[in-house]
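Visitor: Okay, handing you the structure first.
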Amino acid sequence: MTSLFQRFDPGSKTGRRKGAARRFQRVPLRVVLPNMVTLLALCSGLTAVRLALDDRLELAMMAILLAAFLDALDGRLARLLKGTSRFGAELDSLTDFVNFGVAPALILYQSSLAALDNLGWIAALIYAICTGLRLARFNAALDTVKPSYAVHFFTGIPAPAGALLALLPMYFALLGGRWLTELPLLVALYIVVIGLFMVSSLPTLSGKRFGARLPSDSVLPLMVGAAALVALLVAFTWQVLIALALVYLAMLPVGLMVHRRMASAERASETTALATEAEPEERRADASDD
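Numbering (our numbering), first residue to last: 61 to 350.
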């Protein structure tokens, strides 16, 4: 009886050890590491907010670029280490809201939209709110059943791409363009349109599955191309970002066409499968009539 009492008594040493074990469960490093990268991205985004408030806009842009790199890294790292978790997904969305919603809105307000006073602030708010709504919709749709081809697409422009596009006026300004300060109303309309694209149902191409499996003869050219892109981004940062933003805008109708083609092929295959299943039943009905 004494041993049984000690076994189940929370006040005994054994009970305390088991209670401590339940409170302090070991978490694998492969789960913690991607979340640490996400927190570093959040620090970079918050630093961008501070730099924007201090009117150090070029450094704020650099901080957002670093946050975007870390955002791309943490997802890849989580899938590689098989360390994905619902906590990580929620933390990633909150980080994206700060990095790609709040920080770009503040940068654009400080650099251009403040000239419009309340109207400029409303435009910045609309963009930031659209980013938050887009991320909330993404989280809500994680558990929904989707067609097989849906893994190749996002619904609406994703938050990192939205920030890349929204900051397009800043790229021109840092190269000496003057329309950022001379046409703040145009900037306000532009970022509102980008925000609406983020919450739209427009299918956009996703690169999450890119690189999962590569032909062996394409590895070296891909590595050379990636190194060349990084070198160009370091040497000609704003020109490369302008080119990437324009290419992404040009790919929007391409993504829509590819989505429609895949959806049509999926519907055709489902119709063929239903017809194939119905054919034996028709034969059995004909045989019974005979």
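All C-beta atoms in this analysis are idealised placements derived from N, C-alpha and C, irrespective of residue type, glycine included.
(1) Starting from T366, follow the beta strand (DSSP E) in both directions and report where the run begins and ends.
(2) Could you give the first and the last residue of the continuous beta strand (DSSP E) run that contains L265?
(3) Taking Cβ positions, are F214 and S261 nearer each other than 8 Å?
(4) Would A149 and L202 qualify as a contact pair, given that the criterion is a beta-carbon distance under 8 Å?
(5) Evaluate D177 with the Cβ neighbour count: other Cβ atoms within 10 Å of its Cβ, from every protein chain shown; 16 or more gives buried, anything less gives exposed.
(6) Of the choices S153, V253 and L280, whose alpha-carbon is the least far from that of L228?
(7) Jot down the residue ranges of each uninterrupted beta strand (DSSP E) in the region 227-267, minimum 3 residues, whole runs only, in chain order.
(8) How would you call P281, buried or exposed, if buried means at least 16 neighbouring beta carbons within 10 angstroms?
(9) Expressed to the nearest angstrom, what Euclidean distance is found between the alpha-carbon atoms of L140 and V91?
(10) What does the alpha-carbon distance come out to for the pair R67 and R86?
(11) If you compare alpha carbons, which of F160, T144, L93 and A138 is closest to L126?
(12) Do N199 and L151 have their C-beta atoms closer together than 8 Å?
(13) Whole-angstrom Cβ separation of I167 and L117, contact assumed at under 8 Å?
(14) Rounded to whole angstroms, what's the CA-CA distance from V205 to V211? Just pull it up for me.
(15) What do you reckon, is the C-beta of N159 under 7 Å from a heavy atom of the ligand MN?
(16) Between L111, S153 and D114, which lies nearest to L381 when the distance is taken from Cα to Cα?
(17) Smallest Cα separation from S104: which of F129, R321 and Y231?
Guide: In short:
(1) Outside the shown range of the chain, which is 61 to 350, sits residue 366, and nothing can be said about it.
(2) Counting from 1 along the sequence shown, the entry for residue 265 is found at position 205. Taken as a continuous stretch (DSSP letters only), the beta strand (DSSP E) holding L265 covers P263 to L265.
(3) Residue mapping note: residue 214 aligns to position 154 of the sequence shown, counting from 1. Residue mapping note: residue 261 aligns to position 201 of the sequence shown, counting from 1. Against a cut-off of 8 Å, the Cβ pair of S261 and F214 comes out as no contact.
(4) Here residue 149 is taken as the residue at index 89 of the sequence shown, counted from 1. Here residue 202 is taken as the residue at index 142 of the sequence shown, counted from 1. Taking 8 Å as the Cβ cut-off, A149 and L202 qualify as a contacting pair.
(5) Numbered from 1 along the sequence shown, position 117 holds the residue referred to as residue 177. Exposed, by the Cβ-count rule.
(6) Taking the sequence shown and counting its residues from 1, the one referred to as residue 228 is at position 168. When each option's Cα is compared against that of L228, the closest is V253.
(7) 263-265
(8) By 1-based counting over the sequence shown, the position of residue 281 is 221. Exposed.
(9) For the purposes of this step, residue 140 is taken as residue 80 along the sequence shown, with counting starting at 1. For the purposes of this step, residue 91 is taken as residue 31 along the sequence shown, with counting starting at 1. So the alpha carbons of these two residues sit roughly 11 Å apart.
(10) Locating residue 67 in the sequence shown gives position 7, counting from the first residue. Locating residue 86 in the sequence shown gives position 26, counting from the first residue. For R67, the pLDDT reaches just 45, beneath the cut-off of 50, and the residue's location in the model is therefore unreliable, leaving the point undetermined.
(11) One-based indexing of the sequence shown puts residue 126 at position 66. Closest option to L126, Cα to Cα, is F160.
(12) Start at 1 with the first residue of the sequence shown, and residue 199 comes out as number 139. Start at 1 with the first residue of the sequence shown, and residue 151 comes out as number 91. Cβ atoms of N199 and L151: not closer than 8 Å.
(13) In the sequence shown, the residue the question calls residue 167 occupies position 107. In the sequence shown, the residue the question calls residue 117 occupies position 57. Indeed they touch by this definition, with Cβ atoms about 6 Å apart.
(14) Numbered from 1 along the sequence shown, position 145 holds the residue referred to as residue 205. Numbered from 1 along the sequence shown, position 151 holds the residue referred to as residue 211. Straight-line Cα distance between these residues: approximately 11 Å.
(15) You won't find the ligand MN in this model; it holds no ligand whatsoever.
(16) Examination of residue 381 is not possible in this model, given that the chain is present from 61 through 350 alone.
(17) Residue numbering aside, residue 104 sits at position 44 when the sequence shown is read from its first letter. Answer by Cα proximity: F129.
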